[in-house]
């Protein structure tokens, strides 16, 4: 909850900070994302150095690194290089936390309730984020009354200080967790298995589609429509609220219908989202297009919750808790292999061909992802659960 709250403050100002304070262009945003996603690509090698550690200890290390990144952004200036370095450190901590958080959640779940457990964990995380996002919106509306310009460096530094203090508190809390509370067998340094080949393939297509929205959707709002920091943070809060509402529901749907149906069905909404995000400014007036794009931004966040299904898919075909974590870690790296390339390509496509081509590509990748998911054979034991 505390980590989610801290991330809410951090993410709530990240895009406007890059665009308005650091001066990152739409093409440079792709370059920034390339470096920010490198920890995800290298995650399998990073966690290989921790293969003797329990999941609880890795969680502590991840939060500590995230704290270092947030503290760095608060302390350093606004130079592009130093800001990106601190963002990479923050991202490293986030990516270390990702696989072990899901493993711990599924480890404590009852039989057949892995999806519900993941959904509840996601909802708690979103609860923290929504408070953080609303905090950013409120503070940026309050700053002018306090004599602080919302466009000043000081306003952003205040937010980064709050995020740093919250992460410090989160670290204190997890340090009290015993390393043996969640124990797994020794983790493989590198883990590739033929039975997870389709999972790796899904991560490639999902990573490519996700990266386009994650990197460029907020920047479209800021550069194309002039969205303010308070508005972007408010939209993120709505996305987080949607997560609280829909994450447990999607988790139960995964348990009831099975992961395959969820993987396949979300593409219908995705295609609509991509179309309107890329072409609204061509079809409607500025104000109408702005509203439509904002709505689609929220819809995409809901669609992203369907990725919980892939974790349940891994659990159903894995042989042990160790294998789950190792596979999810490998999956994140596979995901980021394409993500770092798409980040660079996306910025170039936007600059040369426009957002229409960029988001059409996202829709096509989502369609390929669905076709690939349709080839999955559901394990009998998954059906019996």
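In the numbering used here, the protein residues as written are -11 to 373.
Idealized CB from N, CA, C, for every residue including glycine.
Small disclaimer: the values here were computed from a predicted structure and weren't measured.
DSSP-derived helix/strand/coil call for residue i
i	result
residue 174	For residue 174, the pLDDT reaches just 49, beneath the cut-off of 50, and the residue's location in the model is therefore unreliable, although a value from the coordinates is still provided. Coil at residue 174, not helix or strand.
residue 278	helix
residue 137	coil
residue 39	coil
residue 304	helix
residue 165	coil
residue 180	coil
residue 365	coil
residue 214	coil
residue 335	helix
residue 294	helix
residue 123	helix
residue 0	helix
residue 231	helix
residue 351	helix
residue -5	helix
residue 342	coil
Exposure of residue i, with buried meaning 16 or more beta-carbon neighbours within 10 Å
i	result
residue 91	buried
residue 237	exposed
residue 206	buried
residue 113	buried
residue 67	exposed
residue 197	buried
residue 340	exposed
residue 79	buried
residue 171	Unreliable positioning characterises residue 171 in this predicted model, as indicated by a pLDDT of 48, which lies under 50. A coordinate reading is not provided.
residue 242	buried
residue 337	buried
residue 359	exposed
residue 245	exposed
residue 316	buried
residue 37	exposed
residue 174	Note that residue 174 scores a pLDDT of 49, beneath 50, so its modelled location is shaky and nothing firm can be said.
residue 63	exposed
residue 164	exposed
Assumed close pair residue i, residue j - CB separation to whole angstroms, cut-off 8 Å
i	j	result
residue 158	residue -6	7 Å
residue 351	residue 282	At roughly 19 Å, the Cβ-Cβ gap does not stay under 8 Å, so residue 351 and residue 282 are not in contact.
residue 88	residue 313	6 Å
residue -10	residue 154	6 Å
residue 84	residue 318	So it is not a contact: roughly 14 Å between Cβ atoms.
residue 347	residue 266	3 Å
residue 239	residue 296	6 Å
residue 77	residue 60	6 Å
residue 190	residue 4	The Cβ separation is near 33 Å, so there is no contact.
Short CB-CB distance (under 8 Å) between residue i and chain D
i	result
residue 40	This model lacks chain D altogether; it includes just one protein chain.
Does the stretch 288 to 300 come close enough to the stretch 248 to 259 that 3 or more CB-CB pairs lie under 8 Å?
Contact holds between the stretch 248 to 259 and the stretch 288 to 300, because three or more Cβ pairs, one in each stretch, are under 8 Å apart.
Is it true that the stretch 22 to 41 meets the stretch 222 to 233, where meeting means three or more beta-carbon pairs spaced less than 8 Å apart?
Counting Cβ pairs under 8 Å, fewer than three are found: no touch.
Could you pull out every unbroken alpha helix (DSSP H) segment of at least 4 residues lying fully inside the stretch 239 to 275, listed in chain order?
Listed in chain order, the complete alpha helix (DSSP H) runs (minimum 4 residues) inside the stretch 239 to 275 are 247 to 253 and 255 to 271.
Contact between the stretch 126 to 144 and the stretch 49 to 57 (3+ Cβ pairs under 8 Å)
Result no; under three Cβ-Cβ pairs closer than 8 Å.
Starting from the N-terminal side, write out each stretch of the alpha helix (DSSP H) that is 4 residues or longer and does not extend beyond the stretch 51 to 121.
The alpha helix (DSSP H) runs of length 4 or more contained entirely in the stretch 51 to 121 are, from start to end of the chain, 68 to 95.
Write down every uninterrupted run of the alpha helix (DSSP H) in the stretch 4 to 48 whose length is 4 residues or greater and which is fully enclosed by it, in chain order.
The stretch 4 to 48 contains, as complete alpha helix (DSSP H) runs of 4+ residues, the segments 14 to 24, 26 to 29 and 31 to 36 (chain order).
For the stretch 37 to 51 against the stretch 322 to 342, do three or more pairs of beta-carbon atoms, one drawn from each stretch, fall closer than 8 Å, so that the two count as touching?
The stretch 37 to 51, when compared against the stretch 322 to 342, does not touch it at the 8 Å Cβ threshold.
With three or more C-beta pairs closer than 8 Å as the rule, is the stretch 261 to 280 touching the stretch 183 to 194?
The way I'd put it, the stretch 183 to 194 doesn't touch the stretch 261 to 280; fewer than three beta-carbon pairs between them come closer than 8 Å.
Is there contact between the stretch 215 to 229 and the stretch -2 to 12, where contact requires at least three CB pairs shorter than 8 Å?
The stretch 215 to 229, when compared against the stretch -2 to 12, does touch it at the 8 Å Cβ threshold.
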